[in-house]
Every structure is written in C-alpha cells, then in structure tokens.
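According to UniProt numbering, the sequence shown is numbered sequentially starting from 1. Beta carbons are placed, not taken as given, at the ideal position from N, Cα and C, and that holds for glycine. Bear in mind that the values here come from a model prediction, so they are computed numbers and not experimental data.
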Amino acid sequence: MSYSSLPKVELHLHLEGAAPPAFIASLAREKSIDIDRIFDGQGGYVRGDFDWFLKAYDAACTVLQRPEDFRRLMLAVLEQSAEQGVVYTEFFLSPDFCGGGDLSAWRDYLDAMVAASDEAERSFGIASRGIVTCLRHLGPEAAKPVARCAAETAGRFVTGFGLAGAEMMHRPGDFAWAYDAAREAGLGLTAHAGEWGGPDMVRETVDHLGCTRIGHGINAVSDHALCDHLIEKGVTLEVCPVSNLVLGAVKDWKSHPIEELRARGLRVTVSTDDPPWFGTSMTHEYEMLERYFGWEEERLRQSNRIAAEAAFCDEDTRAQILQKLEAA
Ligand SMILES: [Zn+2]
C-alpha cells in the first residue's frame, strides 16, 4: 500500500540537508553562484560516495548566506514534509552555518526560521521545532559558543541540543561542557552515535552526555548488554535506514538492524536524515520497511507514537501530535 497519507512524526532531519534541489538551484541562479556540478540534470543531486556527499553538501550550502535564505529554505522543506503526511518535525540547526556561532547573528537567523515555522504551521498544518547542533569534527571548544547560542535562545522553538558531523573524531565525553550548558537551559539532548562508531560510542553518549535520544544508534545491536541499558533508560533511536544504505553504514537492506532492534524492545523511530541526497522520503522509508521487514500499518503507527513521546516539545504540542496520529 502507499503510506503517503499516514500521519508521521520525523525527529532526525538536517535543515540544509533537506533542501530541495530545485530550491538550491534557483538560489544559486539568483546569486550567480556556479554549482551546476552538484545537479544531475533530472531534478536531483548527483549521488556519490561519502566524500562526494560531504563536498557537494558544502557546495549546496554556499548559496545559503542570509537569514532570509534560511526562512525560504525552512518553508520549502516544511511544505515538502507536509506533502509526505508529516505532522511534526524537528530540525537540526547549525549556528556554525548561521553567523558562525555569534549570538546576535544567530538570533537574526533564528527569528527568520521561527517565522517560517509559524507560517508553515498556519499554511500546511505541520508543527516544527529546532535542535541546535554542534559539529563534532570542529571539536569541543567550537561546541561551546554553539551551546551558548542554544541556551540563550531556548524556548518555544529551540527545544533541543545535538551533535552531528564526523563521528570518529573526538569522544562523546569531550562535549560534556556543551551538554551540561544545554541541559541546564532545559533542552532535550540527542547526539549522532553508533552510525559509524561501535556500541562504545552509544554507551558513552548516553552515560557521559545524558542523551535521551541517539541519532542512528544502529551499531548498538551487536552489544546485548548495551541494548538492555538503552531499554532501561528509555532511550529512543532516530533510525534513518536509507541514509545508512546509501552512505554504506550497512551493506544491504537485509542486514539493516532496525527490525532486530525493535524486536529486542528498543524504542525505534524512522527519519530521513538528508532526504534529497539519498533519494528518499518518509513514504519511501515506510514502503521499504514494509517490503523488507513486513512492517505494516500498525507497526508504522507504533513507531510514530514512540517518536511523538520522544519529541522535544511541550506537553500541549505532544498531545496535539498524538491526537493527529490517532485521528487519521
Ligand atoms: Zn543525521
């Protein structure tokens, strides 16, 4: 069946990585920036290995220069998500791309993105929140001003703090200062771990940073004691199956551990990560999960309920999301 109309909750989506190719291409034309090499001529981005992805992603980001660009970007992405039946989404937002970690510049970018979030809620019926995210490969010192940006703007829209970027650089515990600041500001905590790194990365992320959610976390599957620990702590995994396949974190659908993690009792949710780069969408992820693991409607609804329960939002918003999930 097609799952396009099933109401969905997405917890793991990078704002810049979700940019529709047509949007980036038109902004590049407006600004006379030549990045033709990243487009495939059929309305998509050129696909390649992980190195190509990082280079092309950076090239796409060069057209995003002002708060107004981010307002338009967020609106375009939310419209695309609403078309997929998504009723609530959380974005990873990088102050490093929005003013380089400067607080007053960050506030200008954030105001523009909040305006887009509000407009999308009115126009498309999709609610959204932001997870301010530091980049692991830039190191723990660079994470501090990002954590300050997060703490100073925590509130209605900024509700979470995250860690993305190259997983094998630095240890999770190196970012404890940034996570302590975010926790004190009342932010929900997540971090990418166990996508490329092993179970030890996931364990340290939960125990040293206090994360209640893990981005990917798929490599936890090989450590049964860790799985029990994650179940006991109520940790939720933000799993992005197609991303894992395209980037080679798993070798094929059959060896993706999402079903094993779920069957073991972990709290598993489904997201798209950087959808146009991986040729995916929420509906496509669901269709693949049905095809390879027999996930039918009730199982998909269950993962959406888990996502709503783990969302970094206020309780009124959570109740509204759960109502939308039940109503349809
Ligand atoms: Zn991600």
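(request) Using only alpha-carbon positions, find the residue among Glu30, Glu309, Ser271 and Glu297 that is nearest to Leu235. (result) Checking the sequence shown, residue 235 turns out to be Val, not Leu. Here the closest residue by C-alpha is Glu309.
(message) Excluding the 5 residues flanking Gly139 on each side, which residues of the same chain have their C-beta closer than 7 Å to its C-beta?
(response) His170
(message) Excluding the 5 residues flanking Gly173 on each side, which residues of the same chain have their C-beta closer than 8 Å to its C-beta?
(response) Glu204, His208 and Leu209
(message) Which runs of the alpha helix (DSSP H) at least 4 residues long sit entirely within the stretch 213 to 300? Give them in chain order.
(response) 224 to 233, 241 to 247, 258 to 264, 275 to 278 and 282 to 293
(message) By the DSSP assignment, the beta strand (DSSP E) with Thr159 in it spans what residues?
(response) Val158 to Ala164
(request) Compute every distance between the C-beta of Ala249 and the non-hydrogen atoms of ligand 1, then say whether any falls below 7 Å. (result) no
(request) Give the secondary structure of Ile33 by DSSP, where H, G and I count as helix, E and B as strand, and everything else as coil. (result) coil
(request) Count the other CB atoms, across all protein chains shown, that sit within 10 Å of the CB of Leu54; report buried if there are 16 or more and exposed otherwise. (result) exposed
(request) Determine the DSSP secondary structure at Ile131, reduced to helix, strand or coil. (result) strand
(request) Please go through the stretch 71 to 117 and give each complete beta strand (DSSP E) segment of 3 or more residues, from N-terminal end onward. (result) 86 to 93
(request) Inspect the beta-carbon positions of Val146 and Pro95 and report whether they are closer than 8 Å. (result) yes
(message) Tell me which residue opens and which closes the alpha helix (DSSP H) that Leu15 is part of.
(response) Premise fails: Leu15 is in no alpha helix (DSSP H) and is neither H nor E.
(message) Rounded to the nearest angstrom, what separates Ala181 and Ala151 at their Cα positions?
(response) 7 Å
(request) Compute the Euclidean distance between the alpha carbons of Gln65 and Leu93, then round it to the nearest angstrom. (result) 14 Å
(message) Less than 6 Å between C-beta atoms, sequence neighbours within five positions excluded: which residues of the same chain meet that for Phe161?
(response) Val132, Ala150, Ala182, Leu187 and Leu189
(message) Between Ala164 and ligand 1, is there a pair consisting of the residue's CB and a ligand heavy atom that are separated by less than 7 Å?
(response) yes
(message) Mapping the DSSP letters down to three states, classify Thr190 as helix, strand or coil.
(response) strand
(message) Taking 8 Å as the threshold (C-beta atoms), are Gly194 and Gly217 in contact?
(response) yes
(request) Could you round the C-beta distance between Met74 and Leu15 to whole angstroms and report it? I think they count as a contact, below 8 Å. (result) 6 Å
(request) Can you give me the Cβ contacts of Thr317 inside the same chain, cut-off strictly under 7 Å, excluding the 5 residues immediately before and after it? (result) Ala127
(message) Would Ala220 and Pro199 be called neighbours here (beta carbons separated by less than 8 Å)?
(response) yes
(request) Grab me the residues of Asp223's own chain with a C-beta within less than 6 Å of its C-beta, minus the 5 sequence neighbours each way, in chain order. (result) Pro199
(request) Under 8 Å by Cβ, that's how I've got Glu285 and Val242 pegged, so tell me the actual separation to the nearest angstrom. (result) 6 Å
(request) Using a threshold of 8 Å, state whether the C-beta atoms of Pro257 and Pro21 are closer than that. (result) no
(request) Sort out for me which residues DSSP pairs Tyr3 with in a bridge. (result) Beta-bridge pairing links Tyr3 to no other residue.
(request) For Thr283, count neighbouring C-beta atoms within 10 Å of its own C-beta (all shown protein chains included) and say buried if the count is 16 or more, exposed if not. (result) buried
(request) State the DSSP-derived secondary structure class of Val46, mapped to helix, strand or coil. (result) coil
(message) On the CB-based measure, 16 or more other CB atoms within 10 Å of its CB, does Thr269 come out buried or exposed?
(response) buried
(message) Tell me which residues share the same chain as Ala328 and place their Cβ nearer than 8 Å to its Cβ, disregarding the 5 neighbours each side in the sequence.
(response) Ser5, Leu6 and Pro7
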